[in-house]
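Single-structure report; data block below.
Printed below as a string of C-alpha cells:
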C-alpha cells in the first residue's frame with residue numbers, strides 16, 4: 456500500500472457522469488442533481504474537482520456519449536482523466552494528479568455503482584486514501600434482467616458495506632451530499 460503522507464487536501468472525483476453511461480441510470484436526474492450540488496460545494500470551498508471519463512465501448516474521446524452530461528459543466532481549470540478500466544487509477548495519471556494536489560481524502564460520486572464506482576472506491580482505499588462515497592450521488596443501470604439485484608438494492612448495499620469498510624491508517628465513509636462540509 457502506498458500512502459499519501461503529508462497530503463492534507465481533499466478532492467472530489469466525479470466518475471463517468473457521461474451521456475453514454477448515465478442515460479438509462481436509476482434516478483438519473485436526482486443523482487445528477489446531487490452531483491451538481493456536490494460540485495458547487497467543492498468549488499465554493501476551493502476543493503478541486505476532478506472528472507473521470509470512460510473511453511470504453513461507444514465512448515470514444517470527444518464523442519457525444521463520452522461528453523459529461525449537459526447539466527454538469529466541468530470548469531476550464533478542472534482536471535479530466537480518461538480511463539479504460541473500471542478502477543479510475545488503473546493505467547491513468549490519476550494518482551500523479553492527486554499527489555500534485557496534495558490529496559489524502561477523496562469524495563467519490565458518479566456511475567456506475569456496481570462497476571466503476573466500486574472499483575474506484577477500492578482502488579483509492581488500497582492506495583491509502585481516506586475514501587468517502589457520496590451516498591446519494593452515485594447510480595447504476597437496471598441489470599436485473601440478467602440476474603443482478605435492482606439498482607436500488609445495489610446502491611443501498613454499496614452504501615451499507617462501504618460505511619463498514621476499515622483498514623489501518625485510513626477512513627472509509629458514506630455521507631449524503633447535503634451533509635458534506637469541506638474543511639480546507
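Numbering (our numbering), first residue to last: 456 to 639.
Note that the Cβ used here is the ideal one computed from N, Cα and C, for glycine as well.
Within the stretch 459–516, ranges of the beta strand (DSSP E) (whole runs, at least 3 residues): 464–470 and 504–509
Three-state class that DSSP yields for residue 569 in the structure shown: helix
Own chain partners of residue 464 with C-beta closer than 8 Å, once the 5 adjacent residues on each side are dropped: 502, 503, 556, 557, 558, 559, 560 and 639
Under the three-state DSSP convention, the category residue 609 falls into: helix
Status (buried if at least 16 other CB within 10 Å, exposed otherwise) for residue 625: buried
CA-to-CA distance, residue 554 to residue 474, given in whole angstroms: 29 Å
Given residue 481 as reference, the closest of 633, 604 and 618 once Cα atoms are compared: 604
Span separating the alpha-carbon of residue 530 from that of residue 520: 19 Å
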